[in-house]
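Quick note on my numbering: the first sequence kicks off at 129 and runs consecutively. The structure appears right after this line, and notes come after that.
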Amino acid sequence: MPELPEVECIARSLRPRLENRRILGVEFRSALAAGGRPADLARFLAGRRICRVFRRGKFLLLELEGGLCAIHLRMTGRLVWQGAEGPHTRAVLELENGRLVLDDIRQFARIHAGERAPEAVSRLGPEPLELAAAEFRQRLSGRRGRIKPLLLDQRFLAGLGNIYADEALHRAGIHPLAPANRLGGRRAERLHRAIVDVLEEAIAAGGSSISDYVDGAGRQGSFQQRHRVYGREGLPCPGCGAAVRRIVVAQRGTWFCPRCQRLR
DNA sequence: ATCTATTCCTGGCTGC
DNA sequence: TGCAGCCAGGAATAGA
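So, in structure tokens, the structure goes:
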């Protein structure tokens, strides 16, 4: 599941291959991969130069001459430079220097393109790695809901998904069901620190490869080996040794340590 | 504002 | 071995 660190790694690996290159054409192998009519998207993208490759939340963004291409990989999407085409190939971007292949088993990934950013991108909350602790704390104070669903809300904070939300809460010693506005200054700051740390460590490790993730060069990440709670039901918490528990929060599997993350 | 349920999808797993 | 049924979940959406 590409979350912020994985998309960041994809952006970094694709940047030298894509920037200042022209898109010759785009082929959609599945109409579902296009956020709009495939023919319209292909017509819009063909012939445009990619000026800049960057990330916003979990979106990979290609700034074009006179437009923007926004790609969201959702659960099982992969974007690989010169990738081999296979039964799950959903789109191929042909560039002057090679091809970018979108593979996606479950077909949730979408490619958008237009003169301006799609609504979902403009609605995104702040970037966690650029947000000051005081600002984060301020944003938390206005929210009455539980902390985990809030961390997953892309309008509140852009880029966290199920893995890094659980890992950050564990590092901060905060129960996933804790009310956001009752964390208090100290714990809010600890959570901010935990989010920044886990994201930076994950980026440095090349992301988490659980089932499908690889970067733009086809390389797997290794951060899954350093997960402390995510997907580890029954295994010992690295902090205290208590068995990690799994509950369901907002329809998502949620892992936490019942001893380190008390609900008060 | 906040919650829940539903939809989209398919490989992989469970249980009979 | 075969197969039905369920599960995983990011985000949009509807409805409470």
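We put the beta carbon where it would ideally sit given N, CA and C, even for glycine.
Reference residue 225; option with closest CA among 306, 315, 288, 177: The sequence position of residue 225 within the first sequence is 97, counting from 1. Measuring from the Cα of residue 225, the nearest candidate turns out to be 177.
Using alpha carbons as the reference points, say which of 285, 200, 216, 195 lies closest to residue 323. Stepping through the first sequence from its first residue, residue 323 is reached at position 195. Per the Cα distances, 285.
On a Cα-Cα basis, can you pick out the residue from 180, 296, 336 that is closest to residue 389? Along the first sequence, one-based indexing puts residue 389 at 261. Among 180, 296, 336, the Cα nearest to that of residue 389 is on 296.
Classify residue 233 as helix, strand or coil using the three-state DSSP reduction. Along the first sequence, read from residue 1 onward, the residue named residue 233 stands at position 105. Residue 233: coil per DSSP, three-state reduction.
Counting only the same chain and skipping the five closest in sequence on each side, list residues whose C-beta sits under 6 Å from that of residue 218. Start at 1 with the first residue of the first sequence, and residue 218 comes out as number 90. Counting only Cβ-Cβ distances below 6 Å, and skipping sequence neighbours, we find 157, 158, 161, 230, 232.
Within 8 Å, do at least three Cβ pairs link the region 343-359 to the region 132-140? yes
DSSP state of residue 388, grouped into three classes? The residue you call residue 388 lines up with position 260 of the first sequence. Three-state DSSP puts residue 388 in coil, outside helix and strand.
Taking only three categories from DSSP, how would you classify residue 137? On the first sequence, position 9 is the one that residue 137 refers to. Here residue 137 sits in helix by DSSP.
Segment contact flag, the region 261-276 with the region 195-205, C-beta cutoff 8 Å, min 3 pairs: no
Can you give me the C-alpha to C-alpha distance between residue 342 and residue 145, rounded to a whole angstrom? Counted from its first residue, the first sequence places residue 342 at position 214. Counted from its first residue, the first sequence places residue 145 at position 17. Going from the Cα of residue 342 to the Cα of residue 145 covers about 16 Å.
Ignoring anything shorter than 4 residues or poking outside the region 144-204, list the alpha helix (DSSP H) runs there in chain order. 166-173
Under three-state DSSP, which class holds residue 338? Here the question's residue 338 lines up with position 210 in the first sequence. Residue 338 falls in the coil class under three-state DSSP.
Please classify residue 294 as buried or exposed, where buried requires at least 16 neighbouring CB atoms within 10 angstroms. In the first sequence, the residue the question calls residue 294 occupies position 166. When all chains shown are included, residue 294 counts as buried.
Give a yes or no on whether the C-beta atoms belonging to residue 249 and residue 187 are separated by under 8 Å. The residue given as residue 249 occupies position 121 in the first sequence. The residue given as residue 187 occupies position 59 in the first sequence. Contact: yes.
Relative to the alpha-carbon of residue 321, which residue among 259, 201, 242 has its alpha-carbon at the smallest distance? Translated into the one-based positions of the first sequence, residue 321 becomes position 193. With distances taken between Cα atoms, residue 321 lies closest to 259.
Per-residue burial, residue 289 [other beta carbons within 10 Å of its own, 16 or more giving buried]: Counting from one through the first sequence, the residue named residue 289 turns up at place 161. Result: buried.
Classify residue 211 as buried or exposed, calling it buried when 16 or more other Cβ atoms lie within 10 Å of its own Cβ. Within the first sequence, numbered from 1, the residue matching residue 211 stands at position 83. Label assigned to residue 211: buried.
So, at 6 Å on beta carbons, what are the nonlocal neighbours of residue 387 in its own chain, with the 5 sequence-adjacent residues on each side left out? Here residue 387 refers to the residue found at position 259 of the first sequence. 368, 370, listed in sequence order.
Per DSSP, which residues does residue 240 bridge with? Please list them. On the first sequence, residue 240 is found 112 positions in, with the first residue counted as 1. Partner(s): 198.
Could you say which of 262, 245, 147 lies nearest to residue 316 if we only look at CA atoms? Numbered from 1 along the first sequence, position 188 holds the residue referred to as residue 316. If we check each option's Cα against that of residue 316, 262 comes out closest.
Tell me the residue span of the beta strand (DSSP E) that contains residue 219. Translated into positions along the first sequence, residue 219 becomes position 91. Where residue 219 is concerned, the enclosing beta strand (DSSP E) stretches over 217-223.
Using the beta-carbon count (16 or more within 10 Å), is residue 332 buried or exposed? Residue numbering aside, residue 332 sits at position 204 when the first sequence is read from its first letter. Burial is judged here by how many other beta carbons sit within 10 angstroms of a residue's own beta carbon; residue 332 has fewer than 16 and is exposed.
Taking C-beta to C-beta, are residue 344 and residue 208 nearer than 8 Å? By 1-based counting over the first sequence, the position of residue 344 is 216. By 1-based counting over the first sequence, the position of residue 208 is 80. It is a contact, given that the beta carbons lie within the stated cut-off.
Can you tell me whether DSSP reads residue 330 as helix, strand or coil? Indexing the first sequence from 1 puts residue 330 at position 202. Helix, per DSSP.
Nearest neighbour of residue 175, chosen from 221, 356, 338 [CA to CA]: To locate residue 175, count along the first sequence from 1; it is residue 47. Of the candidates 221, 356, 338, the one whose C-alpha sits nearest the C-alpha of residue 175 is 221.
Buried/exposed call for residue 364, threshold 16 Cβ in 10 Å: Stepping through the first sequence from its first residue, residue 364 is reached at position 236. By the 10 Å Cβ count, residue 364 comes out exposed.
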